[in-house]
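When the letters of the sequence shown are read in order and numbered with mature numbering (1 follows the signal peptide of the UniProt record, and there is no 0), they come out as residues -18 to -1, 1 to 336.
Beta carbons: idealized from backbone N, C-alpha and C, even for Gly.
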Amino acid sequence: MFWSTLATTAILAHRAAAQAANGGDFIRFGCSQLVVERADPLVTPGMAPSPHMHQIVGGNSFNITMSPKSLDPVTDSSCTSCTFSEDFSNYWTASVYFKSPENGSYKRVPQMANGRLDGGKLEQDGGLTVYYMRAFSGTNKKTTQMKPGFRMMTGDPSLRKKGKVTGICHRCMGNGEGGAPCDSRDTSEFPAKICPNGIRATIIFPSCWDGVNLDSPDHMSHVTYSGGTGLAGDKCPSTHPVRIPQVMYEIMYDTKQFNKAEYFKNGKQPFVYSFGDATGHGQHGDYLFGWKDNALQRGMDALGTNQCASESCPALKSQPGKDAIACTKPQQVPEDVGNGWLTELPGGAAVTYA
Ligand SMILES: *[C@@H]1O[C@H](CO)[C@@H](O)[C@H](O)[C@H]1NC(C)=O
Ligand SMILES: *[C@@H]1O[C@H](CO)[C@@H](O)[C@H](O)[C@H]1NC(C)=O
């Protein structure tokens, strides 16, 4: 009995993993860069420029203030940089900089498309990959779309050592890559070795919502992880009973031009986040919901059918990559984001190593 139960559990787990691999449990899509600028309508609304550099993707109604009372991403956007064209949400994360060990100058590490999507032929300019996932385990696959105005952040920018953060990690592409997101070969910190194909950061957001608050003072306590793990099952606690689609970002940092052996000696590595974190532990992500009507719900409900799996989701409207790339907006406070050499991080954050 015991062994047969175990065997059944193993088979079910295997089946769940296989389904995940063939995309039965999520949609994913590329979003090109809308703008790279110092703006953060979630953490520092109204502040221009905000303290550190972000790359922002999604609807072009993105602004320094995005109160749900005065701005509706769906009606106020005229385009989106994401391939699913009913999605005017905004997704943003901190930029990564190379800090020259020779002279202390900074240069921005470009972001690149996730080559696995669309058979590697995805047309995408920078940006990131967005996932919306339903339960990876359990039997209840139902998720409930977030409400207009919903927003959240995850991660802790103040961390400089491994902390109690769920679902945030770095993968060394082309040098000991793992499998599932944030598996044991991925690291909370920046990899201290050369990553020939770049560094991928994964940011997995909570999957359970209190069902009431569109935001909270820390931008986190209105949502929670189910069961304390990253990739979630179908159960949510009574405090946060609504199982929302679980959002995950994959950001590919194109480190190739900086992959020199002398930068990676004695456990050192040369990269630093725009907010001064030279460890990587402080990585975090920001999210602002902006899907048209019930489009996200339609996509999630179609998962597991031939109408929706992974990047192929005919249940949703999509646009060619070139149209997503064409959706950009100027910086609100123009400045060099670090395409050339800078003497300090934009905003002047002090670099900390511990
Ligand atoms: C930002 O919002 C303000 C106030 O609504 C508006 O005047 C301005 O045009 C917006 N800026 C951008 C770049 O969309
Ligand atoms: C600083 O060092 C980098 C190499 O690490 C070099 O490419 C760059 O030209 C140097 N910049 C200045 C201002 O000297």
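Taking all protein chains shown into account, do 16 or more other C-beta atoms lie within 10 angstroms of the C-beta of Ala306, making it buried, or fewer, making it exposed?
Buried, because 16 or more other Cβ atoms sit within 10 Å of the Cβ of Ala306.
Tell me which same chain residues have a C-beta within less than 8 angstroms of the C-beta of Asp318, skipping the five on either side of it?
Counting only Cβ-Cβ distances below 8 angstroms, and skipping sequence neighbours, we find Leu324 and Pro328.
Nearest-angstrom Cα distance between Thr75 and Gln37?
Cα to Cα, Thr75 sits roughly 6 angstroms from Gln37.
Ligand 2 heavy atoms versus the CB of Trp191: any closer than 7 angstroms?
Result no, Cβ not under 7 angstroms from ligand 2.
Can you say whether Glu84 is buried or exposed, counting buried as having 16 or more other CB atoms within 10 angstroms of its CB?
By the neighbour-count rule (16 or more Cβ atoms within 10 Å), Glu84 is not buried but exposed.
If we ignore side chains and look at the alpha-carbon of each, how far apart do Gln1 and Val315 end up?
Caution applies to Gln1, whose pLDDT of 45 falls short of 50 and renders its modelled position unreliable; the model cannot decide the point.
Checking the sheet assignment: what are the DSSP bridge partners for Tyr245?
DSSP, once it has assigned bridges, lists no residue as partnering Tyr245.
Under 8 angstroms Cβ to Cβ from Lys143, same chain only, skipping five residues before and after it: list those, please.
Excluding sequence neighbours, Lys143 sits near Thr261, His263 and Ala336.
Are the Cβ atoms of Tyr269 and Tyr73 separated by less than 8 angstroms?
Yes, the Cβ-Cβ distance between Tyr269 and Tyr73 is below 8 angstroms.
DSSP three-state call for Val18: helix, strand or coil?
It is a strand residue.
How far does the beta strand (DSSP E) with Arg133 in it extend, from its first residue to its last?
Its beta strand (DSSP E) spans residues Arg133 to Gly137.
How would you call Ala3, buried or exposed, if buried means at least 16 neighbouring beta carbons within 10 angstroms?
Because Ala3 sits at a pLDDT of 43, beneath the cut-off of 50, its placement in the model cannot be relied upon, and the following sentence gives the value as read from the coordinates. Ala3 comes out exposed.
When the Cα of Asp165 is compared with those of Arg153, Ala174 and Ala243, which residue comes out closest?
Ranking Arg153, Ala174 and Ala243 by Cα distance to Asp165 puts Arg153 first.
Check whether the Cβ of Asn72 lies closer than 7 angstroms to any heavy atom of ligand 1, and answer yes or no.
No, the beta carbon of Asn72 sits no closer than 7 angstroms to any heavy atom of ligand 1.
For Arg90 and His34, I'd like the C-alpha separation in whole angstroms.
When rounded, the distance between both Cα atoms is 13 angstroms.
In angstroms with no decimal places, state the Cα-to-Cα distance between Thr(-11) and Cys61.
Below a pLDDT of 50, predicted positions are generally treated as unreliable, and Thr(-11), at 37, falls in that range; no measurement from the model is reported.
In chain order, what residues have a CB nearer than 6 angstroms to some heavy atom of ligand 2?
That query returns the following residues: Ser82, Glu84, Asn85, Ser87 and Trp323.
When you compare only the Cα positions, how much space is there between Ala214 and Ala183?
Rounded to the nearest angstrom, the two C-alpha atoms are 18 angstroms apart.
Nearest to Asp107 by alpha carbon, out of Glu326, Gly322, Ala308 and Thr334?
The residue with the shortest Cα to Cα distance from Asp107 is Ala308.
CB of Gln314 to nearest heavy atom of ligand 3: below 7 angstroms?
In the structure on display, ligand 3 does not appear, and the ligands it does have are ligand 1 and ligand 2.
Between the alpha carbons of His204 and Thr237, how many angstroms are there, rounded?
When rounded, the distance between both Cα atoms is 36 angstroms.
Ends of the beta strand (DSSP E) at Met230?
Gln228 to Tyr235 is the span of the beta strand (DSSP E), which, as asked, contains Met230.
So, are the CB atoms of Ser189 and Ile150 less than 8 angstroms apart?
The answer is no: Cβ separation not under 8 angstroms.
Short of 6 angstroms in beta carbon distance, which residues of its chain neighbour Asn94, apart from the five on each side in sequence? Order them along the chain.
The amino acid occupying residue 94 in the given sequence is Met; Asn does not appear at that position. Met234 and Asp236, listed in sequence order.
So is the beta-carbon of Lys247 under 7 angstroms away from any non-hydrogen atom of ligand 1?
The answer is no for Lys247.
Is Lys311 near ligand 1, judged by its Cβ being under 7 angstroms from some heavy atom?
For ligand 1, at least one heavy atom lies less than 7 angstroms from the Cβ of Lys311.
Please tell me whether, using a cut-off of 7 angstroms, the distance from the CB of Asn195 to the nearest non-hydrogen atom of ligand 1 is below it.
Incorrect: Asn195 has no Cβ contact closer than 7 angstroms to ligand 1.
Is the closest heavy atom of ligand 1 to the C-beta of Ser122 under 7 angstroms?
Checking the displayed sequence, the identity of residue 122 turns out to be Asn instead of Ser. No, the beta carbon of Asn122 sits no closer than 7 angstroms to any heavy atom of ligand 1.
Run through DSSP, which three-state label would Lys144 get?
Reduced to three states, the DSSP call for Lys144 is coil.
Under three-state DSSP, which class holds Phe66?
DSSP places Phe66 in strand when its eight states are reduced to three.
Kindly indicate the opening and closing residues of the beta strand (DSSP E) around Asp305.
Taken as a continuous stretch (DSSP letters only), Asp305 belongs to no beta strand (DSSP E), being part of the alpha helix (DSSP H) at Gly303 to Ala308.
Taking all protein chains shown into account, decide if Lys51 is buried (16 or more other Cβ within 10 angstroms of its Cβ) or exposed.
Exposed, since its Cβ has fewer than 16 Cβ neighbours within 10 Å.
Would you kindly work out how many angstroms separate the C-alpha atoms of Glu326 and Ser256, rounded to a whole number?
Those two C-alpha atoms are separated by around 10 angstroms.
Assuming Leu110 is part of the beta strand (DSSP E), what are its boundary residues?
Where Leu110 is concerned, the enclosing beta strand (DSSP E) stretches over Leu110 to Met115.
Take residue 345 and list the residues in its own chain whose beta-carbon comes closer than 7 angstroms to its own, dropping the five residues that flank it on each side.
With the chain running from -18 to 336 in the structure shown, residue 345 is simply not present.
Given this structure, state the Cα-to-Cα distance separating Ser14 from Gly249, to the nearest angstrom.
The alpha-carbon atoms of Ser14 and Gly249 are separated by roughly 33 angstroms.
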